[in-house]
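Before any comments, here is the structure.
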Amino acid sequence: MIGGMDTHAPLLHPTPSGLYCPAGDFHIDPVRPVARALITHGHADHARAGHGAVLATRQTLDIMAIRYGAGFAGATQPAEGDIRLGDVAVRFHPAGHVLGSAQIAVARAGQRVVVSGDYARHPNPACAPFEPVACDLFVTEATFGLPVFRHPPPQAEVAKLLASMAAFPDRPHLIGAYALGKAQRVIALLRQAGYDAPILIHGALAKLCAYHADQGIDLGELRPATVERGRAPEGQVVIAPPSAFAATWVQRFRDPVIAQASGWMTVRARARQRGVELPLVISDHADWPELTQTIRDTGAAEVWVTHGREEALVRWCDLSGIAARPLRLVGYEDEPE
Amino acid sequence: MTPFAALLERLAFTPSRNAKLRLIADYLDRTPDPDRGWALAALTGDLKLRMLTPSLLRGMVEERVDAELFRLSYDFVGDLAETIALIWPGPRESDALRLSEVIETLAKTGTSDLPGLIAGWLDRLGPSERYALLKLGTGALRVGVSARLAQTALAQRHDIEADAIGEVWHGLAPPYVDLFAWLQGGPKPQSRMAAPFRPVMLATPTDADALAPLDPADFLAEWKWDGVRVQAVAEGGTRRLYTRRGEDISAAFPDLVAALEFEGVIDGELLVRRDTAVAPFGELQKRLNRKSVGRALLASHPAMLRAYDLLVWGGADLRPEPLHTRRARLQEAVTRLPAERVDLSPEVDFHDWAALDLLRAAPPDPVIEGVMLKRRESPYRAGRPKGPWFKWKREPMVVDAVLLYAQRGHGKRSGYHSDFTFGVWDQDQLVPVGKAYFGFTDAELRELDRFVRANTTDRFGPVRQVAPTLVLEVAFEGLNLSTRHKAGLAMRFPRIRRIRWDKPASEADTLDALRGLLAVS
Chain E
383 MIGGMDTHAP
393 LLHPTPSGLY
403 CPAGDFHIDP
413 VRPVARALIT
423 HGHADHARAG
433 HGAVLATRQT
443 LDIMAIRYGA
453 GFAGATQPAE
463 GDIRLGDVAV
473 RFHPAGHVLG
483 SAQIAVARAG
493 QRVVVSGDYA
503 RHPNPACAPF
513 EPVACDLFVT
523 EATFGLPVFR
533 HPPPQAEVAK
543 LLASMAAFPD
553 RPHLIGAYAL
563 GKAQRVIALL
573 RQAGYDAPIL
583 IHGALAKLCA
593 YHADQGIDLG
603 ELRPATVERG
613 RAPEGQVVIA
623 PPSAFAATWV
633 QRFRDPVIAQ
643 ASGWMTVRAR
653 ARQRGVELPL
663 VISDHADWPE
673 LTQTIRDTGA
683 AEVWVTHGRE
693 EALVRWCDLS
703 GIAARPLRLV
713 GYEDEPE
Chain C
16 MTPFAALLER
26 LAFTPSRNAK
36 LRLIADYLDR
46 TPDPDRGWAL
56 AALTGDLKLR
66 MLTPSLLRGM
76 VEERVDAELF
86 RLSYDFVGDL
96 AETIALIWPG
106 PRESDALRLS
116 EVIETLAKTG
126 TSDLPGLIAG
136 WLDRLGPSER
146 YALLKLGTGA
156 LRVGVSARLA
166 QTALAQRHDI
176 EADAIGEVWH
186 GLAPPYVDLF
196 AWLQGGPKPQ
206 SRMAAPFRPV
216 MLATPTDADA
226 LAPLDPADFL
236 AEWKWDGVRV
246 QAVAEGGTRR
256 LYTRRGEDIS
266 AAFPDLVAAL
276 EFEGVIDGEL
286 LVRRDTAVAP
296 FGELQKRLNR
306 KSVGRALLAS
316 HPAMLRAYDL
326 LVWGGADLRP
336 EPLHTRRARL
346 QEAVTRLPAE
356 RVDLSPEVDF
366 HDWAALDLLR
376 AAPPDPVIEG
386 VMLKRRESPY
396 RAGRPKGPWF
406 KWKREPMVVD
416 AVLLYAQRGH
426 GKRSGYHSDF
436 TFGVWDQDQL
446 VPVGKAYFGF
456 TDAELRELDR
466 FVRANTTDRF
476 GPVRQVAPTL
486 VLEVAFEGLN
496 LSTRHKAGLA
506 MRFPRIRRIR
516 WDKPASEADT
526 LDALRGLLAV
536 S
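Residue numbers (this note's numbering), protein chains in the order written: chain E, 383 to 719; chain C, 16 to 536.
Structure (structure tokens):
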């Protein structure tokens with residue numbers, strides 16, 4: 383065992399269902415139904431239906447209800463302030479990933495573990511900013527845990543989109559963006575850049591967009607991208623989940639430019655495999671400089687890496703004199719597309 | 016570097032030709048001299064720079080980045096230049112380094128100073144610009160832009176014929192300041208080059224119905240040989256061989272160039288001989304796209320020119336003369352040249368269209384792909400004028416194949432599966448033998464898309480595997496042996512001629528039957 387880990391092992395340990403805290407008797411982001419789940423954010427691979435009790439931020443609970451229906455868990459409790467669970471104190475801190483996303487701090491007897499969930503450090507108009515929390519053990523994601531990932535400023539990517547719309551004014555621009563978080567972020571970024579025409583959205587985004595607007599995020603005028611009286615929907619920007627591009631849904635648009643907003647668009651081969659004509663590197667995850675900076679910011683003596691490119695981040699920790707181990711948790715996706 | 020890097024990025028992901036044309040034209044419009052000219056040369060492959068080698072690049076990056084982190088990153092990204100561009104600890108945004116400065120400096124820097132120079136630039140450039148720099152330096156832009164495409168982009172934007180640009184192109188050198196000045200209303204650049212290219216005259220397709228009202232006596236017929244249409248120019252001691260698009264391919268055909276002992280311009284078909292006969296197109300292909308050619312290949316695949324027309328002779332421009340005059344001069348000219356290198360394309364004797372149709376259907380040589388019909392009175396006019404010249408092609412070869420995979424299209428075909436991979440039977444297995452993405456109507460495309468969606472058995476990104484039940488009648492112009500394809504065959508110009516909803520897959524053709532066509536193609 384790596385030095386220092388013995389003291390933490392009782393507080394949290396990996397199980398096939400996910401990270402488990404015996405002293406508080408709960409799982410964090412379990413991948414299968416458990417008695418008590420603490421959920422970092424509403425993405426489907428972290429927030430699943432069917433748990434006995436769920437503790438999450440108000441917004442994450444709302445989002446889960448939108449996606450799974452009101453009865454998605456036996457009982458729910460919104461996370462506010464310090465919460466006592468068995469022998470441990472739990473507190474949720476903003477993670478800057480999507481609306482409602484949180485890191486979960488678990489403390490007992492002067493020891494603190496922070497489970498990051500998915501997180502991002504760059505400003506995001508669609509959610510509260512990440513808050514670094516000092517801890518002894520930091521459990522981090524590593525979706526973009528390779529030094530090749532340095533996300534460009536999202537404003538520059540939106541400028542790319544606007545330039546393409548000017549170069550091809552007669553072609554609708556279809557932007558593939560995950561329904562929770564990415565879609566609203568892209569819309570909010572477009573609004574910040576001064577684009578004020580109505581934006582068309584795929585039906586799968588309607589409820590989540592309405593919820594964001596409800597929570598005070600300015601998305602401007604959104605219209606359904608539906609066919610009326612046999613005519614293609616009018617509008618130059620259309621946002622849809624990327625899966626829609628494989629469906630007949632896309633056939634309603636004439637000569638579209640297929641764009642995709644994702645951190646993976648950094649890698650050309652990835653963009654090409656997906657048939658993307660306009661890759662937009664817009665990510666809800668920390669890039670390499672943010673991952674490494676965050677590890678430093680927490681002051682953690684030890685790091686566990688949950689999922690993603692664990693090897694490189696562990697290597698970086700080794701080079702920086704920080705004890706680290708990959709957990710290789712099964713069930714979490716790379717940034718969903 | 017920033018605008019150039021942005022252009023490269025866009026081109027790399029843009030499959031549509033029209034969209035490429037617009038991106039290139041927009042860039043050239045917005046960019047000042049000499050940067051746009053250098054960019055044009057880089058895109059068309061006319062830029063000759065000292066090459067950065069992979070080992071030089073690796074050495075550079077290992078001084079900056081932990082070797083293990085680099086290895087993990089390279090494994091993930093898969094492309095050396097791209098990995099270095101991304102991982103290099105440079106800024107997120109570039110400072111204002113100009114493309115022209117990069118190219119002009121690279122041209123005068125010796126090998127030993129290269130690593131320092133490149134590293135210094137990488138420290139000043141953002142990731143997209145670093146990528147552009149490394150791709151420039153390794154000579155592998157791979158954005159699918161030919162000289163012709165770039166000429167077309169310029170021509171469309173400035174409302175002139177692409178051929179007019181093609182004509183002056185070879186006399187110009189990067190960064191093409193004269194060319195841009197001309198397009199913006201300045202004087203037309205005078206070709207300073209010896210033995211320049213003359214834009215060629217092309218034929219339009221025809222058929223029996225279209226020919227019926229025409230008088231056969233007005234036309235000269237000759238075989239349409241299945242080689243590469245070329246123009247051989249020998250003027251003032253300079254000899255060049257051009258494709259019909261004006262690309263200079265002299266370097267690949269020194270044997271033929273050596274035989275161009277004349278003063279003039281001959282239009283003809285480039286062919287490869289096999290003893291005294293003409294070899295199939297596949298044999299000629301082995302000599303194409305080479306920077307140089309070895310002695311063994313020169314001996315086994317000798318090149319020759321089958322002459323069709325005479326444009327210039329002894330300094331006199333014959334293009335305004337009628338074809339029969341030019342042809343008489345050509346006949347005489349060819350007699351003075353070595354017959355194994357240059358000969359006259361024979362005239363096909365015929366009295367009516369029906370007789371010619373029979374000859375066309377059963378030509379005397381397998382390397383003939385139809386007949387050419389040229390008005391005896393026609394002057395030589397650049398472009399593809401409708402009326403004076405026709406091509407009447409042999410019927411295509413046809414095979415019944417089974418649809419195996421389909422890939423989603425782009426642009427106007429977004430959302431439709433429009434690229435179809437098909438196969439034929441080899442024993443009890445279907446082996447892929449080709450890919451086609453046209454030949455069908457819009458209505459058929461919708462039907463095919465529906466079939467693909469309803470019969471998908473597996474997915475690989477944008478590609479779907481389908482249940483092998485639908486037979487496609489595929490037409491193609493010829494077959495070549497190929498080591499790049501699993502079945503060992505490559506079709507030329509395959510297209511889907513008919514969808515055989517009625518035919519069971521078990522009745523599709525076999526690989527042996529397809530191989531049988533090889534002998535006659």
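Ideal placement from N, C-alpha and C gives every residue a C-beta, glycine not left out.
**Report entry** Contacts that D518 of chain E makes with chain B (C-beta to C-beta distance below 8 Å)
**Finding:** The structure shown has no chain B; the protein chains it does contain are E and C.
Query raised in the report: Would DSSP call V439 of chain C helix, strand or coil?
Result: DSSP places V439 of chain C in strand when its eight states are reduced to three.
Query raised in the report: Buried or exposed: where does A643 of chain E fall if 16 or more other Cβ atoms within 10 Å of its Cβ makes it buried?
Result: Around the beta carbon of A643 of chain E, 16 or more other beta carbons sit within 10 angstroms, so the residue counts as buried.
Query raised in the report: Along chain C, which residues have their Cβ under 8 Å away from the Cβ of R532 of chain E?
Result: Here the neighbours are L101, R107 and P142.
Query - Cβ pair count under 8 Å reaching 3, the stretch 471–491 of chain C against the stretch 402–417 of chain C - result: Touching, per the Cβ criterion.
Query raised in the report: Do the CB positions of A549 of chain E and D41 of chain C come within less than 7 Å of each other?
Result: By the CB criterion at 7 Å, A549 of chain E and D41 of chain C fall inside the cutoff.
Query raised in the report: From which residue to which residue does the beta strand (DSSP E) around D358 of chain C run?
Result: Note, D358 of chain C: beta strand (DSSP E), V357 to L359.
Report task. Please go through the same chain and pick out, in chain order, the residues whose beta-carbon is closer than 8 Å to the beta-carbon of G105 of chain C, but skip the five residues on each side of it. Result -> So the qualifying residues of the chain are L137, D138, R139, L140, G141, P142 and R145.
Query raised in the report: Less than 7 Å separating the beta-carbons of S433 of chain C and G424 of chain C?
Result: In this structure, G424 of chain C lies closer than 7 Å to S433 of chain C by Cβ.
Query - Cβ-based neighbour list, A56 of chain C, same chain, cut-off 6 Å, excluding 5 preceding and 5 following - result: Listed in chain order, the non-local C-beta contacts of A56 of chain C below 6 Å within the same chain comprise L62 and P189, local neighbours out to five positions each way being set aside.
Report task. Determine whether the Cβ of R423 of chain C lies closer than 7 Å to any Cβ atom of chain E. Result -> Yes, contact with chain E.
Query - From C:R396, C:P211, C:F28 and C:V192, residue whose alpha carbon lies closest to that of P202 of chain C - result: Considering only alpha carbons, the answer is C:V192.
Report task. Could you please tell me which residues of the stretch 632–651 of chain E, in chain order, have their CB closer than 9 Å to any CB of chain C? Result -> Correct list: V632, Q633, R634, F635, R636, D637, P638, V639, I640, T648, V649, R650 and A651.
Query - the stretch 272–281 of chain C touching the stretch 315–325 of chain C, judged by at least three CB pairs closer than 8 Å - result: Contact between the stretch 272–281 of chain C and the stretch 315–325 of chain C is established, with three or more Cβ pairs separated by less than 8 Å.
Query raised in the report: Using the beta-carbon of each residue, which ones in chain E are nearer than 7 Å to D41 of chain C?
Result: Near D41 of chain C (Cβ distances below 7 Å), the residues of chain E are A549.
Query - Per-residue DSSP class, three states only, for R654 of chain E - result: In the displayed model, R654 of chain E falls within a helix according to three-state DSSP.
Report task. Consult DSSP for N506 of chain E and reduce its assignment to one of helix, strand or coil. Result -> In this structure, N506 of chain E counts as coil in the three-state DSSP scheme.
Query raised in the report: Which chain C residues sit within Cβ distance under 9 Å of P661 of chain E?
Result: Residues of chain C passing the Cβ test: E24 and F28.
Report task. Could you name the residues of the same chain whose beta carbon sits closer than 6 Å to that of P398 of chain E, not counting the 5 residues immediately before and after it, in chain order? Result -> Scanning its chain for C-beta atoms nearer than 6 Å, with the 5 sequence neighbours on each side dropped, one finds no residue around P398 of chain E.
Query raised in the report: So A487 of chain E packs on A461 of chain E, CB below 8 Å; how close in whole Å?
Result: Separation of the CB atoms of A487 of chain E and A461 of chain E is rounded to 11 Å, and the pair is thereby denied contact status at 8 Å.
Requested in this report: Over the uninterrupted alpha helix (DSSP H) stretch that includes Q574 of chain E, give me the two end residues.
Outcome: Annotation: the continuous alpha helix (DSSP H) that includes Q574 of chain E extends over K564 to Q574.
Query raised in the report: Considering only the beta carbon of each residue, do V308 of chain C and A267 of chain C sit closer than 7 Å?
Result: Judged by their CB atoms, V308 of chain C and A267 of chain C are nearer to each other than the 7 Å cut-off.
Query - 6 Å CB neighbourhood of T59 of chain C in its chain, flanking five on each side removed - result: Cβ within range, chain order: A162 and A165.
Report task. Closer than 7 Å by beta-carbon distance: list the chain E residues that pair up with T98 of chain C, in chain order. Result -> For T98 of chain C, the neighbours in chain E by C-beta distance under 7 Å run, in chain order, V530.
Query raised in the report: Any Cβ of chain C within less than 7 Å of the Cβ of A694 of chain E?
Result: Closer than 7 Å to the CB of A694 of chain E there is at least one CB belonging to chain C.
Requested in this report: Quick one: give me the first and last residue of the beta strand (DSSP E) that H684 of chain E is part of.
Outcome: Note on residue identity: the sequence assigns Glu, not His, to residue 684 of chain E. For E684 of chain E, the enclosing beta strand (DSSP E) stretches over residues E684 to G690.
Query raised in the report: Residues in the stretch 654–686 of chain E with C-beta within 8 Å of chain C's C-beta atoms, listed in sequence order?
Result: Cβ contacts with chain C: R654, Q655, R656, G657, V658, E659, L660 and P661.
Query raised in the report: Between W686 of chain E and V470 of chain E, is the Cβ-Cβ spacing less than 7 Å?
Result: When the beta-carbon positions are compared, W686 of chain E and V470 of chain E stay at least 7 Å from each other.
Query raised in the report: Under three-state DSSP, which class holds L604 of chain E?
Result: Residue state, collapsed to three classes: strand.
Query raised in the report: Going along chain E, which residues have a C-beta under 8 Å from V80 of chain C?
Result: Those are P529, listed as they occur along chain E.
Report task. Enumerate in chain order the residues of its own chain whose CB-to-CB distance from S546 of chain E is below 7 Å, with the five nearest sequence positions on each side excluded. Result -> The beta carbon of S546 of chain E sits closer than 7 Å to those of H555, V639 and L660, all from its chain and outside the five residues before and after it, given in chain order.
Query - Helix, strand or coil at L532 of chain C [DSSP, three-state] - result: If DSSP states are grouped into helix, strand and coil, L532 of chain C belongs with the helices.
Query raised in the report: Excluding the five sequence neighbours on either side, which residues of its own chain have a C-beta within less than 6 Å of the C-beta of P69 of chain C, listed in chain order?
Result: Answer for P69 of chain C: L95, listed in chain order.
Report task. Could you please give the first and the last residue of the uninterrupted beta strand (DSSP E) stretch that includes D473 of chain C? Result -> Element bounds for D473 of chain C: T471 to F475.
Report task. Output yes if chain E places a C-beta closer than 7 Å to the C-beta of V160 of chain C; else output no. Result -> Under the Cβ criterion of 7 Å, V160 of chain C is not counted among the residues facing chain E.
Query raised in the report: Buried or exposed: H185 of chain C, going by 16 or more other Cβ atoms within 10 Å of its Cβ?
Result: H185 of chain C is buried by the Cβ-count criterion.
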